[in-house]
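Q:
Chains as they are written, first to last, in our numbering: chain A, 1 to 262; chain B, 1001 to 1479.
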């Protein structure tokens, strides 16, 4: 939903970043306003996933230039945990397994960290169980998953559903979903995209990072950006995704960029 | 960062580092046959015990300090240690009210209140201060059930026949260098006797406190469970921070008769030295249990977080048919700590079973080794062992080793060994952080997850404590 007067939630300006001294991002510009759903598309190696990791604060990535403001605040100055507590969420392409740490306990600690930041009181075990049972419906997950270790032995689809469950609990202001559709079968894709649609609202923004059009059939973006060589080379509406689907990515490189940022 | 704040940071995790200023009676430094006789005389011991000590001492003179454990430390000067120190206390106290308030205060500060009003409701405690038992709670209540729980010195006086019958029968006085030393000079420790058919009505616990800087610590613990008896026992240990090293060489013997069961848990938090490895306890301990009776069971659970050096292999001799031995261990080393710990499961009787679960966590520049022996004797038909040894590395300066020894003289024994090593990965930490969980909490969640199988074995009151202790120990060890 595009509203020109909606408040700016995330403002990325001329962002440069590298990993292991290898520059990956070469000046990314992007603005997310409340209520908007953006999709960033591009080939493997175009810098899409790097962008998501940099925004979330992964220690392996170094910002070498530019700025990111989150509701006016300097996001890059914050620790990853602080970014999460104030409402930034990254749904991982490959959620890691954490043996021995109970999923339920993990979700409760994470939810309470977010709540505390917002001045809400912590939920005890019982109150949290009520909440989590309600949120499980969003992703149609079996409560048995709560008893297991975080992502341990989960199938690809179960891991992604667990990501959306976390998103449902944390109620982020800006959600970045990195290749959430990868490795999902049709049913899982339907459940996951249903969850994302359910959670998208007028006060938050979603940034979908994806390779394929098929996710965008299920979640309609307001803007589509095409990334190549560490920059956003083209921006358009949802029809841009269809064009990419038909013509591939080569023409993006060939034609000079018309529009860079919104 | 200024020196003062670095100092604060480092010393913060160890909150038991204080020294109690109390008058003690000490003998002169050094070890000789006269010193052994003096200790025995001071304790007014019967002849059999003096004889035991002297045999041990003479054997010890012939023995060499073991060097197979791959631990590095400067040579211990056995003549530079005081072998007997005791808080000055006129007579054995009839009641707690007469115990020096400073001592009660010390245990209060350690979280072990001894006074009638404040004591732990379902745990009887024997408080040992510099190797001398100062008080034992709930003695009368336990006596109603026929359970004897007292200091070993007291047991020598009041139940000499039991001491003579069992002392040194599991760990002989010449078992090894440190056990021989202990047998010669041990000062105190706990004695537990659970008579036939009695299930001990409460947890028993001994809290060992080292206070003195130049005194060696040599406790001796003996637990006997007669037929169908059962008991759960826990020991805790702390010491002040000195920049010298103190030697701690304890011996623990457990005897389980037919259908008896003994569960022995340890939370060891001796002072570990500073971040440069200065100071800390040298912990050379011999712990062994004998499943003498059929269907008996001995279970060791240990959480080892302290000491500069840990050399400790709580073992089970599975003599009775169908007897069961268990060893659950978490050993955490940080800074310059060195641990070489594990177990021995000696299968003698038929259909004996043993389980070993060992979790080693190494952080800082520490070194952490699991060393274990599974031995199946010729009569141990149908014996079974399962071992699982997992190591977790934190940072890239720490070392972890696993040395499993398996000797089997039984072709149909079933021995399984699993081992794994993992490192807390940056991606796992980032995953937790990206959900709002702080760095240190993320590490401690992963560490306690790693240790969960062992913590489940601890008495409930102490499982949460152990969890907290690990978190404290790891403070500032990562990143």
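Beta carbons: idealized from backbone N, C-alpha and C, even for Gly.
What's the gap between the Cα of residue 1483/B and the Cα of residue 1471/B?
A: Lying outside 1001 to 1479, the shown extent of chain B, residue 1483/B is not represented and no answer is given.
Q: Hey, would you say residue 1180/B sits closer than 8 Å to residue 1227/B, going by beta carbons?
A: Here residue 1180/B refers to the residue found at position 180 when the second chain is read from its first residue. Here residue 1227/B refers to the residue found at position 227 when the second chain is read from its first residue. No, they are not a contact pair.
Q: Would you call the CB atoms of residue 1368/B and residue 1354/B closer than 8 Å?
A: Walking along the second chain from the start, residue 1368/B turns up at place 368. Walking along the second chain from the start, residue 1354/B turns up at place 354. Not closer than 8 Å, so no.
Q: Using the beta-carbon count (16 or more within 10 Å), is residue 1061/B buried or exposed?
A: By one-based count along the second chain, residue 1061/B stands at place 61. Residue 1061/B should be labelled exposed.
Q: Which of helix, strand or coil does DSSP assign to residue 43/A?
A: By one-based count along the first chain, residue 43/A stands at place 43. Reduced to three states, the DSSP call for residue 43/A is coil.
Q: Over the uninterrupted beta strand (DSSP E) stretch that includes residue 1248/B, give me the two end residues.
A: Within the second chain, the letter at position 248 stands for residue 1248/B. Its beta strand (DSSP E) spans residues 1245-1248.
Q: Residues of the segment 1236-1270 of chain B in Cβ contact with chain A at a cutoff of 8 Å, in chain order, please.
A: Answer in chain order: no residues at all.
Q: In whole angstroms, give me the CA-to-CA distance for residue 1463/B and residue 1455/B.
A: The sequence position of residue 1463/B within the second chain is 463, counting from 1. The sequence position of residue 1455/B within the second chain is 455, counting from 1. Their backbone Cα atoms lie some 6 Å apart in a straight line.
Q: If we cut at 8 Å on Cβ distances, does residue 976/B have a partner in chain A?
A: This structure does not reach residue 976/B, given that chain B is present from 1001 up to 1479, and the question cannot be answered.
Q: Which residues of the segment 1435-1447 of chain B have a Cβ closer than 9 Å to any Cβ of chain A? Give them in chain order.
A: Here the close residues are 1435, 1436, 1437, 1438, 1439, 1441, 1442, 1445, 1446, 1447.
Q: In angstroms with no decimal places, state the Cα-to-Cα distance between residue 1232/B and residue 1025/B.
A: Position 232 of the second chain, counted from the first residue, corresponds to residue 1232/B. Position 25 of the second chain, counted from the first residue, corresponds to residue 1025/B. Each residue's Cα considered, the two are about 33 Å apart.
Q: Specify, as a first and last residue, the run of the beta strand (DSSP E) that residue 1419/B falls within.
A: Walking along the second chain from the start, residue 1419/B turns up at place 419. Unbroken beta strand (DSSP E) run through residue 1419/B: 1414-1423.
Q: Suppose you measure from the CA of residue 10/A to the CA of residue 120/A; what does that come to, to the nearest Å?
A: Numbered from its first residue, the first chain carries residue 10/A at position 10. Numbered from its first residue, the first chain carries residue 120/A at position 120. In a straight line, the C-alpha of residue 10/A is about 24 Å away from that of residue 120/A.
Q: For residue 1186/B, which three-state DSSP category applies?
A: Locating residue 1186/B in the second chain gives position 186, where the first residue counts as 1. Residue 1186/B falls in the coil class under three-state DSSP.
Q: Taking the alpha helix (DSSP H) that residue 1202/B falls in, what are its first and last residues?
A: Reading the second chain from its first residue, position 202 is the one you call residue 1202/B. Note, residue 1202/B: premise wrong, no alpha helix (DSSP H); not H, not E.
Q: Does any C-beta atom of chain A lie closer than 8 Å to the C-beta of residue 1492/B?
A: Any answer about residue 1492/B is impossible in this case: the structure gives chain B only from 1001 up to 1479.
Q: Taking 8 Å as the CB-CB limit, is residue 1430/B close to chain A?
A: Counting from 1 along the second chain, the entry for residue 1430/B is found at position 430. Closer than 8 Å to some Cβ of chain A, the Cβ of residue 1430/B qualifies, so yes.
Q: Using the beta-carbon of each residue, which ones in chain B are nearer than 9 Å to residue 207/A?
A: Counted from its first residue, the first chain places residue 207/A at position 207. Correct list: empty, because the minimum Cβ distance to chain B is about 15 Å.
Q: Under 8 Å between C-beta atoms, does residue 1130/B make it to chain A?
A: To locate residue 1130/B, count along the second chain from 1; it is residue 130. For residue 1130/B, the answer is no, since every Cβ of chain A falls outside 8 Å of its Cβ.
Q: According to DSSP, is residue 1173/B helix, strand or coil?
A: As a first step, residue 1173/B is located in the second chain; it is residue number 173 there, counting from the start. It is coil, neither helix nor strand.
Q: Quick one: complete alpha helix (DSSP H) runs, 4+ long, within the segment 1012-1067 of chain B?
A: The segment 1012-1067 of chain B contains these whole alpha helix (DSSP H) runs: 1033-1042, 1047-1062.
Q: Using a Cβ cut-off of 7 Å, pull out every chain A residue sitting near residue 1388/B, in sequence order please.
A: As a position in the second chain, residue 1388/B is number 388, starting the count at 1. Neighbours of residue 1388/B on chain A: none; closest Cβ ~13 Å, over 7 Å.
Q: Identify the residues that DSSP records as bridge partners of residue 1283/B: which are they?
A: Translated into positions along the second chain, residue 1283/B becomes position 283. According to DSSP, which records beta bridges pairwise, residue 1283/B is partnered with 1248/B, 1310/B.
Q: Could you tell me whether the Cβ of residue 1501/B comes closer than 8 Å to any Cβ of chain A?
A: The question about residue 1501/B has no answer, for chain B in this structure spans 1001 to 1479.
Q: From what residue to what residue does the beta strand (DSSP E) around residue 14/A run?
A: The residue labelled residue 14/A in the question sits at position 14 within the first chain. Run containing residue 14/A: 8-19, per the beta strand (DSSP E) assignment.
Q: Over the uninterrupted alpha helix (DSSP H) stretch that includes residue 1166/B, give me the two end residues.
A: The residue you call residue 1166/B lines up with position 166 of the second chain. 1160-1166 is the extent of the alpha helix (DSSP H) around residue 1166/B.
Q: So, helix, strand or coil for residue 38/A, using DSSP?
A: For this step, residue 38/A is matched to residue 38 along the first chain. DSSP places residue 38/A in strand when its eight states are reduced to three.
Q: Taking DSSP as the reference, what is the three-state secondary structure of residue 1392/B?
A: Residue mapping note: residue 1392/B aligns to position 392 of the second chain, counting from 1. Residue 1392/B: strand per DSSP, three-state reduction.
Q: Between which two residues does the alpha helix (DSSP H) holding residue 1226/B run?
A: For the purposes of this step, residue 1226/B is identified with residue 226 of the second chain, where counting begins at 1. Residue 1226/B -> no alpha helix (DSSP H), and no H or E assigned at all.
Q: Say whether chain A places a C-beta atom closer than 8 Å to the C-beta of residue 1486/B.
A: Residue 1486/B is absent from the model: chain B starts at 1001 and stops at 1479.
Q: The segment 1403-1420 of chain B: which residues have C-beta closer than 7 Å to a C-beta of chain A, in chain order?
A: The segment 1403-1420 of chain B vs chain A, Cβ under 7 Å: nothing.
Q: Mapping DSSP to helix, strand and coil, what is residue 1340/B?
A: The count along the second chain starts at 1 and reaches residue 1340/B at position 340. Residue 1340/B falls in the strand class under three-state DSSP.
Q: Give the interface partners of residue 1449/B over in chain A, defined as CB-CB distance under 8 Å, in chain order.
A: Within the second chain, numbered from 1, the residue matching residue 1449/B stands at position 449. Residues of chain A passing the Cβ test: 98, 99, 100, 101, 102, 149.
Q: For residue 1468/B, I'd like the list of residues in its chain whose CB is within less than 8 Å of its CB, leaving aside the five on either flank, ordered along the chain.
A: Your numbering for residue 1468/B matches position 468 in the second chain. Result list for residue 1468/B: empty, nothing under 8 Å.
Q: Classify residue 164/A as helix, strand or coil using the three-state DSSP reduction.
A: The residue you call residue 164/A lines up with position 164 of the first chain. Here residue 164/A sits in helix by DSSP.
Q: Quick one: is residue 1402/B buried, meaning 16 or more other Cβ sit within 10 Å of its Cβ, or exposed?
A: Here the question's residue 1402/B lines up with position 402 in the second chain. The residue is buried, with at least 16 neighbouring Cβ atoms inside 10 Å.
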